[in-house]
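Numbering (the working numbering), first residue to last: 1122 to 1216. Positions of the beta carbon are idealized from the N, C-alpha and C atoms, including for glycine. Please read the structure below before turning to the comments.
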Amino acid sequence: MTARLYYTSATAAPGPIAELTVVRLCAPTSAEAQGDLPAGSLGTIVFVHDGGEAYEVEFVEPFAAVITLRRDEFEPTEAACDNVAGAVGADHRRR
1122 MTARLYYTSA TAAPGPIAEL TVVRLCAPTS AEAQGDLPAG SLGTIVFVHD
1172 GGEAYEVEFV EPFAAVITLR RDEFEPTEAA CDNVAGAVGA DHRRR
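This is the structure in structure tokens:
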């Protein structure tokens, strides 16, 4: 008797991005009444819908807005976190 083992490899789908992650818009996005947020705008995930189906992201520049985005409309960025943290630290030191 011969036994054969077959292995398959499946790429695991990435999990949802955590709340409070700083993200960057990939393309200009409408914030309805407020106007358009330009590509590259930084925001913070404030709520994750249905395990990552959509995300509520809060922006403060160039105007305050909370919008719902799909995962393909933004990218998480550690560099953005560093820039925000650096700016906050710099403001604090000036006071």
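Under three-state DSSP, which class holds Glu-1199?
helix
Option in Gln-1155, Ala-1185, Arg-1192 with minimal Cα separation from Gly-1172
Arg-1192
Length of the line joining the Cα atoms of Ala-1155 and Phe-1184
The amino acid occupying residue 1155 in the given sequence is Gln; Ala does not appear at that position. About 7 Å.
From Ile-1188 to Pro-1137, what does the alpha carbon distance come to, in whole angstroms?
17 Å
Residues of its chain near Gly-1161, where Cβ-Cβ distance is below 7 Å and the 5 sequence neighbours each way are ignored:
Arg-1145, Leu-1146
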